[in-house]
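Below is one structure, written out as structure tokens; comments come after it.
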Amino acid sequence: MLKQIADIIAPFIAELFNCSLRKGLFPAQFKEAFITPVLKKPGLDATNASSYRPISNLSVLSKLLERLVAGQLMEYLSLAVILPPLQSGFRQGYSTETAVLRVLSDILQAVDSGDLAALVLLDLSAAFDTVDHYILLERLQQTFGISDTALCWFQSYLSSRTQYVRRGPNKSSVT
């Protein structure tokens, strides 16, 4: 529906987003997620909560604002040449394939030189959920030079989020 009236509402959405960025506040209404439980695999016990994967959904406008800020942040980090050269995640032209090729190349180079090579892999389940927000904000400020209104925006983005579970017509209380 938003696509059908995009030309009419675009100026209002742009003003809303610009206001959010100017004031350093992420709109509270954009922070409410509804969680949809989806069965991990057919055949699992549908009465067992561990058989489900929680899918978190935010509003379309929330996702648009997130994408806008992510694009601006990546542009800033790229222009300022702040990203580590070996960072592959969330970068255009990089992928898991380029990361794997780099690791394989380093290992083969070490072996060819007669050195020892070891590879340790770590899989963090729900990695973003394990990030301490205070440390993240401190890192944004100290390592990447993000401060003032922009830092306030990220702090607002990360704080006071709410969620509820929705399954069909049923809905839990907001937490």
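Taking this note's numbering, the leading residue of the sequence shown gets 2, the next gets one more, and so forth.
Glycine included, every Cβ here is placed at the ideal spot set by N, Cα and C.
When the options are compared against residue i, the one with the closest alpha-carbon
i: Pro86; options: Leu45, Leu74 and Arg103; result: Arg103
i: Lys4; options: Leu62, Ala50, Pro55 and Asp46; result: Leu62
i: Ile14; options: Arg168, Leu65 and His134; result: Leu65
i: Pro170; options: Leu17, Phe35 and Ile10; result: Phe35
i: Phe91; options: Asp107, Gln73, Ser106 and Ser57; result: Gln73
i: Ala50; options: Asn58, Ser60 and Thr37; result: Thr37
i: Pro55; options: Thr176, Glu76, Ser174 and Tyr165; result: Tyr165
i: Phe145; options: Leu78, Ser89, Asp46 and Met2; result: Leu78
Where the beta strand (DSSP E) through residue i begins and ends
i: Leu40; result: Glu33 to Leu40
i: Tyr53; result: Tyr53 to Asn58
i: Val166; result: Thr163 to Arg168
Cβ neighbour criterion (16 or more within 10 Å) applied to residue i
i: Ala81; result: exposed
i: Ile136; result: exposed
For residue i, the first and last residue of its enclosing alpha helix (DSSP H)
i: Gln156; result: Asp149 to Leu159
i: Ile9; result: Ala7 to Lys24
Report task. Would you be able to state if there are at least three C-beta pairs under 8 Å between the region 28-35 and the region 143-163? Result -> yes
Query raised in the report: What are the start and end residues of each continuous alpha helix (DSSP H) run of 4 or more residues lying completely inside the region 67-138, in chain order?
Result: Correct list: 97-113.
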